[in-house]
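K.L.:
Mind looking over this structure? Questions follow.
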Amino acid sequence: MDLLQGRSERFGQVYEARWKKHIAADYYQKAADFAKVMPGFDKGSVEYYLSKARKMREEKK
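Take 14 as the starting number for the sequence shown in my numbering and just add one per residue.
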């Protein structure tokens with residue numbers, strides 16, 4: 014896992030735990046965007062990050 018992608022995922026987890034869902038969604042989206050363009054990430058990884066971003070946006074409402 015690339016360091017930048019890992020940081021985005023970790024920040025997403027931290028903000029999710031702090032109930033700052035809108036910020037967590039942004040970081041999960043960044044992780045998904047990164048995984049889409051970098052070699053070594055499969056479609057499952059991208060889908061996971063996108064689903065986490067969607068979930069955070071839905072919980073924010």
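By construction, the Cβ of each residue, glycine as well, lies at the ideal position given by its N, Cα and C atoms.
Compute the Euclidean distance between the alpha carbons of R67 and Q42, then round it to the nearest angstrom.
P.N.:
9 Å
K.L.:
Could you check what DSSP says for M69 in three-state terms: helix, strand or coil?
P.N.:
Here M69 sits in helix by DSSP.
K.L.:
Report yes if the CB atom of F47 is closer than 9 Å to the CB atom of S21, and no otherwise.
P.N.:
yes
K.L.:
Pick helix, strand or coil for R20, following the three-state DSSP scheme.
P.N.:
In the structure shown, R20 sits in a helix (DSSP, three-state: H, G or I).
K.L.:
To the nearest angstrom, report how far apart W32 and D55 are at their CA atoms.
P.N.:
29 Å
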